[in-house]
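Throughout, this note's numbering is defined as the position within the sequence shown, counted from one, plus 2.
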Amino acid sequence: MNLKSSPWAWVPSLYFAEGLPYVAVMTISLILYKQLGLSNADITFYTSWLYLPWVIKPLWSPFVDIIKSKRWWITAMQLLIGAAFGGIAFTIPTSIWLQGTLCFFWLMAFSSATHDIAADGFYMLGLDQHDQACFVGIRSTFYRLAMIMGQGFLVMIAGNLQVVFRGSIAFSWSLTFYGLLGLFVAFWLWHNYILPRPKEDDERGMSGEKGTLSIKAMFAELGETVISFFKKPQVVAGILFMLLYRMPEGLLVKVSSLFLLDPQSAGGLGLSPMEYGLVQGTVGVVGLTIGGIIGGICAGKDGLKRWLWPMVCAITLPDAVYIYLSYALPSSLFIVNLCVFVEQFGYGFGFTAYMLYLIYYSQGKYKTSHYALCTAFMALSMMIPGLYAGALQELVGYRNFFIIVMCTCAVTFLVTALLKIDPKFGKKEK
Numbered sequence: 003m004n005l006k007s008s009p010w011a012w013v014p015s016l017y018f019a020e021g022l023p024y025v026a027v028m029t030i031s032l033i034l035y036k037q038l039g040l041s042n043a044d045i046t047f048y049t050s051w052l053y054l055p056w057v058i059k060p061l062w063s064p065f066v067d068i069i070k071s072k073r074w075w076i077t078a079m080q081l082l083i084g085a086a087f088g089g090i091a092f093t094i095p096t097s098i099w100l101q102g103t104l105c106f107f108w109l110m111a112f113s114s115a116t117h118d119i120a121a122d123g124f125y126m127l128g129l130d131q132h133d134q135a136c137f138v139g140i141r142s143t144f145y146r147l148a149m150i151m152g153q154g155f156l157v158m159i160a161g162n163l164q165v166v167f168r169g170s171i172a173f174s175w176s177l178t179f180y181g182l183l184g185l186f187v188a189f190w191l192w193h194n195y196i197l198p199r200p201k202e203d204d205e206r207g208m209s210g211e212k213g214t215l216s217i218k219a220m221f222a223e224l225g226e227t228v229i230s231f232f233k234k235p236q237v238v239a240g241i242l243f244m245l246l247y248r249m250p251e252g253l254l255v256k257v258s259s260l261f262l263l264d265p266q267s268a269g270g271l272g273l274s275p276m277e278y279g280l281v282q283g284t285v286g287v288v289g290l291t292i293g294g295i296i297g298g299i300c301a302g303k304d305g306l307k308r309w310l311w312p313m314v315c316a317i318t319l320p321d322a323v324y325i326y327l328s329y330a331l332p333s334s335l336f337i338v339n340l341c342v343f344v345e346q347f348g349y350g351f352g353f354t355a356y357m358l359y360l361i362y363y364s365q366g367k368y369k370t371s372h373y374a375l376c377t378a379f380m381a382l383s384m385m386i387p388g389l390y391a392g393a394l395q396e397l398v399g400y401r402n403f404f405i406i407v408m409c410t411c412a413v414t415f416l417v418t419a420l421l422k423i424d425p426k427f428g429k430k431e432k
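Here it is in structure tokens:
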């Protein structure tokens with residue numbers, strides 16, 4: 003079999019490369035800044051703004067369609083992501099480490115969001131419908147493996163380097179990011195060679211009359227898409243659901259990582275980077291994945307409406323494990339792993355309802371564009387609570403913060419009660 007003709011040669015590596023920068027921006031940045039001494043309020047505020055490229059992604063996704071090819075965008079963004087990793091590695095040991103790393107994390111965030119657009123579009127152009135269906139599980143699996151690699155093994159590597167270099171945090175993280183630079187140069191070389199060249203993915207440009215007409219048509223269609231999105235039935239209930247369903251998780255997701263790392267004198271569990279990589283980056287991701295798989299099976303069998311309320315309970319009630327952890331402060335790594343697994347399993351199971359509702363709301367003429375707008379609201383739903391989560395935690399302490407998170411679960415129940423969903427949606431036809 004010709005290697006270049008096989009999707010196995012590029013689908014796994016493409017989605018592994020898609021997942022790593024997202025994990026770096028959203029999770030590794032937290033641990034880096036925590037170890038470099040930034041306050042919780044500053045960490046959550048600065049890193050929550052990094053959601054912005056995914057919020058406004060629908061605004062520039064049409065340009066990826068009309069300028070150059072998706073293959074070109076994929077390889078160009080991988081080179082930019084590699085450059086961003088190198089920039090972070092270079093600036094960590096300097097006196098401007100905060101400004102420098104934030105600048106390159108922003109570059110990585112925009113490059114990663116653009117890479118997402120191009121990769122998902124190329125997936126549909128580079129594979130026929132049969133292979134698209136066959137490889138949907140493969141792409142998801144390798145995206146999850148990238149999460150485990152980023153949140154788990156890379157954090158463990160940085161922690162081990164700190165032991166080797168006698169606690170030199172900046173130098174250890176710098177070496178780790180230089181390693182990621184090398185990995186993305188390898189991705190760039192590999193995908194330049196191996197990605198197919200489908201006829202539909204031809205080189206395009208904006209020059210000349212044809213380019214001008216394409217831009218005008220693009221903006222006209224974008225306007226029509228946005229207007230039709232806000233004219234859908236139950237638009238208010240739908241947008242409230244998209245923005246507020248994940249409010250507890252939006253508050254919890256960054257602070258929970260900081261809680262695991264903070265010393266017990268500050269109210270945290272005091273895990274080392276190696277222990278954190280095991281707990282949150284490995285066991286937690288496995289729980290999230292299993293919960294998502296089971297949620298998809300259940301919803302596919304009986305439909306979204308049948309499983310909506312069990313999924314609401316699953317995404318909210320397990321957050322209570324952090325109240326227990328903040329009071330008990332267990333020294334047993336098994337108990338910490340078990341609690342994080344339960345919370346992440348519940349989140350994975352309950353998040354299925356959210357993703358299915360985005361698909362449900364997007365039905366109609368502009369299905370793809372409306373789904374892109376829904377994912378923008380999804381990113382915004384995590385960005386807004388994260389901006390003030392760290393400041394709130396510093397104000398009230400970890401224990402009271404986790405109690406407040408549980409109280410906000412009432413908001414999730416309230417916005418879910420506003421929905422009207424077709425009982426047949428998602429149900430397997432007999």
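Glycine included, every Cβ here is placed at the ideal spot set by N, Cα and C.
The Cβ-Cβ distance between F186 and F87 falls below 8 Å.
For the options Q80, G225 and Q37, the alpha carbon positioned closest to that of V157 is the one of Q37. For the 8 Å CB-CB criterion, T103 and I90 form a contact. Y125: member of the alpha helix (DSSP H) spanning W99 to G128, first to last residue.
Setting aside the 5 residues that flank it on each side, G154 is surrounded in the same chain by G279, G283 and T284, each with a C-beta closer than 6 Å to its C-beta; the list follows chain order.
With fewer than 16 other CB atoms across the displayed protein chains lying within 10 angstroms of its CB, W311 is exposed. Residue environment: L397 is assigned as exposed (fewer than 16 neighbouring CB atoms within 10 Å of its CB, all protein chains considered). Counting only runs that start and end inside the region 9-40, the alpha helix (DSSP H) elements of at least 4 residues fall at 13-25 and 31-37.
The alpha-carbon of T377 is positioned some 43 Å away from that of R168. Given a length threshold of 4 residues, each whole run of the alpha helix (DSSP H) inside the region 171-201 is given here in chain order: 171-196. Rounded to whole angstroms, the Cβ separation of T418 and V314 is 5 Å, and the two are in contact under 8 Å. In this structure L32 is buried. Its beta-carbon is surrounded by 16 or more other beta-carbon atoms within 10 angstroms.
The alpha carbon of V281 has as its nearest neighbour, out of L183, L360, L54 and L335, the alpha carbon of L335. Residue environment for S114: buried (at least 16 other C-beta atoms within 10 angstroms of its C-beta). Look at Q282 here: in three-state DSSP terms it is helix.
Approximately 27 Å separates the beta-carbon atoms of T46 and M79; this is outside 8 Å, ruling out the contact. The region 264-279 makes contact with the region 323-334; the number of CB pairs closer than 8 Å reaches 3 or more. Put simply, of K303, A111, S333 and F343 the residue whose alpha carbon is nearest the alpha carbon of A316 is F343. Between the beta-carbon of P320 and that of G348 there is about 4 Å, and that keeps the pair under the 8 Å contact cut. DSSP, reduced to helix, strand and coil, places Q164 within a helical segment of the structure shown. V338 is the residue among V338, S333 and Y145 whose C-alpha sits nearest the C-alpha of V323. One Cα belongs to Y24, the other to A111, and the distance between them is close to 7 Å. Residue environment for T178: buried (at least 16 other C-beta atoms within 10 angstroms of its C-beta). Straight-line measurement puts the Cα of G293 at about 30 Å from the Cα of F189.
A Cβ-Cβ distance of about 6 Å is found for the pair I140 and V13, placing them in contact under the 8 Å criterion. When C-alpha distances from L382 are compared across P55, T29, A43 and L34, the shortest belongs to P55. The alpha-carbon of A239 is positioned some 33 Å away from that of G399.
For the 8 Å CB-CB criterion, P250 and V407 form a contact. Membership of K422 in any alpha helix (DSSP H) is not indicated, and neither H nor E is assigned to it by DSSP.
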